[in-house]
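Residue numbers (the working numbering), protein chains in the order written: chain A, 103 to 217; chain B, -2 to 110.
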């Protein structure tokens, strides 16, 4: 099976712009989560989607949004970019929801740089 | 308020010796704990996990210990190998909210040949 894929892998934007990142989960996986990792920081949970519905949301401003399509692919959008949004954005997929024992598989991430 | 903490940003050990990575948590609702390994330019990879009903889980060279009363867990790698050099993240979940993982800041492990 192919792993979790994320596009693009690298992105450079300027302040005030918006950006859309894409994530394709492992085939058959229905849950997609997004995380932000900044230098020297752990992964901060952004949100989780299952069956096109947002199940969980982290403590990020409304400029961060996401959606999931019927094929389980997910996108996240950041509007009005700020310098502090420069980070590695990681997507993870799980087969289902409701159980922590369901292994979470991560993609390689999208490195976003805001100038 | 950081609910999962890894107080050692880095750890260096000699090949063949034991590596011990530590993690503390504050949220009593957490009942499932995981360790991930991350190489540069790759996403984290699941390594080993433990449920709060256990105090030890072993998988080959990797063992995770959980001390619920102290809200502390540790990952032991024995023997350590140069290929184990990576960033290790501790994460926690509450089964009532499975899918929302809370991560520590990571510990960079360097295993010297």
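Even glycine gets a Cβ: it sits at the ideal position worked out from N, Cα and C.
Nearest residue (CA-CA) to residue i, options the options
| i | options | result |
| --- | --- | --- |
| residue 57 of chain B | B:87, B:109, B:84 and B:77 | B:77 |
| residue 116 of chain B | B:6, B:26 and B:13 | For chain B, the structure presents residues -2 to 110; residue 116 of chain B sits outside this window and is missing. |
| residue 128 of chain A | A:107, A:187 and A:113 | A:107 |
| residue 109 of chain A | A:118, A:116 and A:123 | A:123 |
| residue 173 of chain A | A:190, A:185, A:154 and A:186 | A:154 |
| residue 23 of chain B | B:65, B:16 and B:106 | B:65 |
| residue 188 of chain A | A:158, A:139 and A:170 | A:139 |
| residue 40 of chain B | B:1, B:2 and B:83 | B:83 |
| residue 96 of chain B | A:159, A:121, A:125 and A:116 | A:159 |
For residue j and residue i, the rounded distance between their alpha carbons
| i | j | result |
| --- | --- | --- |
| residue 51 of chain B | residue 201 of chain A | 17 angstroms |
| residue 104 of chain A | residue 152 of chain A | 20 angstroms |
| residue 182 of chain A | residue 211 of chain A | 21 angstroms |
| residue 217 of chain A | residue 177 of chain A | 22 angstroms |
| residue 37 of chain B | residue 44 of chain B | 16 angstroms |
| residue 165 of chain A | residue 8 of chain B | 37 angstroms |
| residue 114 of chain A | residue 42 of chain B | 26 angstroms |
| residue 161 of chain A | residue 15 of chain B | 37 angstroms |
| residue 4 of chain B | residue 104 of chain B | 8 angstroms |
| residue 191 of chain A | residue 67 of chain B | 32 angstroms |
| residue 55 of chain B | residue 81 of chain B | 16 angstroms |
| residue 125 of chain A | residue 2 of chain B | 28 angstroms |
| residue 193 of chain A | residue 163 of chain A | 18 angstroms |
Endpoints, the beta strand (DSSP E) within which residue i is located
| i | result |
| --- | --- |
| residue 50 of chain B | Taken as a continuous stretch (DSSP letters only), residue 50 of chain B belongs to no beta strand (DSSP E), as it is neither H nor E. |
| residue 113 of chain B | As displayed, chain B neither begins before -2 nor continues past 110, which places residue 113 of chain B out of reach and without an answer. |
| residue 64 of chain B | 59 to 64 |
| residue 190 of chain A | 189 to 196 |
| residue 21 of chain B | 16 to 22 |
| residue 10 of chain B | 7 to 11 |
| residue 157 of chain A | 155 to 159 |
| residue 119 of chain B | Here chain B comprises residues numbered -2 to 110, so residue 119 of chain B is not present and cannot be evaluated. |
| residue 68 of chain B | Element bounds for residue 68 of chain B: n/a, residue is neither H nor E. |
6 angstroms Cβ shell around residue i - same chain, five flanking residues per side excluded
| i | result |
| --- | --- |
| residue 48 of chain B | 29 |
| residue 156 of chain A | 149 |
| residue 185 of chain A | 216 |
| residue 69 of chain B | 21 |
Close Cβ partners of residue i (< 7 angstroms) along its chain, the five nearest in sequence each way excluded
| i | result |
| --- | --- |
| residue 198 of chain A | 132, 133 and 204 |
| residue 195 of chain A | 106, 127, 128, 131, 133, 134 and 207 |
Beta-carbon proximity list for residue i, same chain, < 8 angstroms, skipping 5 on both sides
| i | result |
| --- | --- |
| residue 168 of chain A | 136, 148, 149, 151, 156, 176, 177, 178 and 179 |
| residue 93 of chain B | 26 |
| residue 53 of chain B | 47, 60, 61, 62 and 63 |
| residue 110 of chain B | 12 and 79 |
| residue 118 of chain A | 182 and 183 |
| residue 111 of chain A | 210, 211, 212 and 213 |
| residue 10 of chain B | 16, 77, 106, 107, 108 and 109 |
| residue 0 of chain B | 22, 23, 24, 27, 89 and 99 |
- Counting pairs of beta carbons, one from the segment 97 to 109 of chain B and one from the segment 136 to 151 of chain A, are three or more of them closer than 8 angstroms? yes
- Three or more C-beta pairs closer than 8 angstroms, one from the segment 74 to 88 of chain B and one from the segment 33 to 40 of chain B: is that the case here? yes
- Item | Sufficient close CB pairs (3 or more, under 8 angstroms) joining the segment 64 to 84 of chain B to the segment 115 to 135 of chain A | no
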